[in-house]
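Q: Chains as they are written, first to last, in the numbering used here: chain Y, 999 to 1155; chain S, 999 to 1155.
Beta carbons are placed, not taken as given, at the ideal position from N, Cα and C, and that holds for glycine.
Quick caveat: nothing in here was measured; it's all calculated off a predicted structure.
Protein chains: 2
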Amino acid sequence: MPRRYGTGPVWWHGRFRGCGYRITAGREAILDALMTADKHLSAEDIYNKIHPAYPAVGLTTVYRTLEILVNMGLVFKFDFGDGRARYELVEGSKKSHHHHHLVCKECNRIIEYTDFINDEIELLKKTEKGLSKKYNFEITSHIIQFYGICDKCKKKG
Amino acid sequence: MPRRYGTGPVWWHGRFRGCGYRITAGREAILDALMTADKHLSAEDIYNKIHPAYPAVGLTTVYRTLEILVNMGLVFKFDFGDGRARYELVEGSKKSHHHHHLVCKECNRIIEYTDFINDEIELLKKTEKGLSKKYNFEITSHIIQFYGICDKCKKKG
DNA sequence: CTCAATGCAAATCTTTTGCATGCTA
DNA sequence: TAGCATGCAAAAGATTTGCATTGAG
């Protein structure tokens, strides 16, 4: 069942209703799955995670809800190159910290890192400001990912 | 027909043979399509581009060749979130310059920019070095992309 | 001559869509 | 009660794979 992290109203309900969307059990389950996830989940991951407790929620609803969440800016959609999208709550939606990803091209392992994140953010802000002005482009998000071979795969091969 | 950019041997032939791959008309056509492209092409873009001159080359071959090129590190595979991968020669493979991308979430327009690229590269190098050491992760490439709304779409509303 | 490369068609797999029904507000 | 939300099945699309044939070296 959805956790409330306290006794107040669920943090996203107001925002959800404000956009004209309804609160349903399926949507609560999906948000909860994202909130309690320790990593980026695929649509199917989410489906599998909630299915035991919410067998009535189908994969279609997961996709449809994720689309809404991404459009609302509550969730970020990632592509790590393995043909399926991953979803993660945007920082600030909960206690999460800003991070970027290291992707192993061999085993597809994902490492989140926060090292140098302050330097990165500083540069990103500067770059975003400059690009916004030059191209009159309104930047809403960014991706930084490094690809390579992780330690385990280096040993193997 | 494939351009040779001069009279010497084609730059990628040696590297290709060295990996045990054969040089075929289809592969020449695909490499040429990438070399003469002014932007990232999808597999189908490449297929369409070469089809008039090489009707015998099928989409399957395009995919298979691109996979080899990506694995060899000659071509970079991008995902801009519209469900189809784009391919681009790695910088250094030809005269191209290092750049990153701005992606419009409305119309999917892609803007290449090189502004701030030196600052970005400096930070990336530093970050790569630090991450390599800390995670014993061998970094081979990176992605930086900004998402948002382009000027044209902002006008539209 | 050998074995990689290829075309074609079929198979996969993820994500999307149509439609009748259920449920929130 | 009005419409949004949903399940299910089918559709859509991109990419991959099986297999017999072709062609580079």
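#1: Taking the alpha-carbon of Gly1018 of chain Y as reference, which of Y:His1095, Y:Lys1037, Y:Ile1066, Y:Tyr1145 has the nearest alpha-carbon?
#2: With a threshold of 8 angstroms between beta carbons, is Glu1156 of chain Y in contact with chain S?
#3: Can you list the residues of chain Y that Lys1123 of chain S reaches, using a CB-CB cut of under 8 angstroms?
#4: Examine chain S for any beta-carbon lying closer than 8 angstroms to the beta-carbon of Leu1129 of chain Y, and answer yes or no.
#5: Between which two residues does the beta strand (DSSP E) containing Phe1074 of chain Y stretch?
#6: List the residues of chain S whose Cβ lies closer than 8 angstroms to the Cβ of His1140 of chain Y, in chain order.
#7: Name the two residues that bound the continuous alpha helix (DSSP H) containing Thr1059 of chain S.
#8: Going by beta carbon distance, what residues of the same chain come within less than 7 angstroms of Leu1122 of chain Y, once the five residues before and after it are set aside?
#9: If we call anything under 8 angstroms between Cβ atoms a contact, is His1098 of chain Y one with Ile1142 of chain Y?
#10: Does any CB atom of chain Y fall closer than 8 angstroms to the CB of Tyr1111 of chain S?
#11: I'd like to check one pair, Asp1113 of chain Y with Lys1132 of chain S: are the Cβ atoms closer than 8 angstroms?
#12: Rounded to whole angstroms, how far is the Cβ of Tyr1085 of chain Y from the Cβ of Leu1029 of chain Y, which I believe are closer than 8 angstroms?
#13: Span of the alpha helix (DSSP H) holding His1097 of chain Y?
#14: If you run the structure through DSSP and keep just helix, strand and coil, what is Ile1141 of chain S?
#15: Are Ile1119 of chain S and Leu1129 of chain S touching if we call contact CB-CB under 8 angstroms?
#16: With a 10 Å radius around its C-beta and 16 neighbouring C-beta atoms as the bar for buried, classify Ile1048 of chain Y as buried or exposed.
A: So, to answer that:
#1: Numbered from 1 along the first sequence, position 20 holds the residue referred to as residue 1018 of chain Y. Closest by alpha carbon: Y:Ile1066.
#2: Because chain Y here runs from 999 to 1155, residue 1156 of chain Y falls outside it and cannot be looked at.
#3: Within the second sequence, the letter at position 125 stands for residue 1123 of chain S. Simply none; closest approach about 11 angstroms.
#4: The residue you call residue 1129 of chain Y lines up with position 131 of the first sequence. Chain S, which has a Cβ nearer than 8 angstroms to the Cβ of Leu1129 of chain Y, makes this yes.
#5: Here residue 1074 of chain Y refers to the residue found at position 76 when the first sequence is read from its first residue. First-last of the beta strand (DSSP E) with Phe1074 of chain Y: 1073–1077.
#6: Taking the first residue of the first sequence as position 1, residue 1140 of chain Y is located at position 142. The answer, in chain order, is Ile1142, Gln1143, Phe1144, Tyr1145.
#7: Start at 1 with the first residue of the second sequence, and residue 1059 of chain S comes out as number 61. Start and end: 1057–1070.
#8: As a first step, residue 1122 of chain Y must be located in the first sequence, where it is residue number 124. Result list for Leu1122 of chain Y: His1140, in chain order.
#9: By 1-based counting over the first sequence, the position of residue 1098 of chain Y is 100. By 1-based counting over the first sequence, the position of residue 1142 of chain Y is 144. Cβ atoms of His1098 of chain Y and Ile1142 of chain Y: closer than 8 angstroms.
#10: If you number the second sequence from 1, residue 1111 of chain S lands on position 113. Yes - at least one Cβ of chain Y is within 8 angstroms of the one on Tyr1111 of chain S.
#11: For the purposes of this step, residue 1132 of chain S is identified with residue 134 of the second sequence, where counting begins at 1. For the purposes of this step, residue 1113 of chain Y is identified with residue 115 of the first sequence, where counting begins at 1. In contact: Lys1132 of chain S and Asp1113 of chain Y (Cβ atoms closer than 8 angstroms).
#12: Start at 1 with the first residue of the first sequence, and residue 1085 of chain Y comes out as number 87. Start at 1 with the first residue of the first sequence, and residue 1029 of chain Y comes out as number 31. 11 angstroms between Cβ atoms; not a contact.
#13: Start at 1 with the first residue of the first sequence, and residue 1097 of chain Y comes out as number 99. Run containing His1097 of chain Y: none; DSSP gives neither H nor E here.
#14: Within the second sequence, the letter at position 143 stands for residue 1141 of chain S. Residue state, collapsed to three classes: strand.
#15: As a first step, residue 1119 of chain S must be located in the second sequence, where it is residue number 121. As a first step, residue 1129 of chain S must be located in the second sequence, where it is residue number 131. Taking 8 angstroms as the Cβ cut-off, Ile1119 of chain S and Leu1129 of chain S do not qualify as a contacting pair.
#16: Translated into positions along the first sequence, residue 1048 of chain Y becomes position 50. With 16 or more other Cβ atoms within 10 Å, it is buried.
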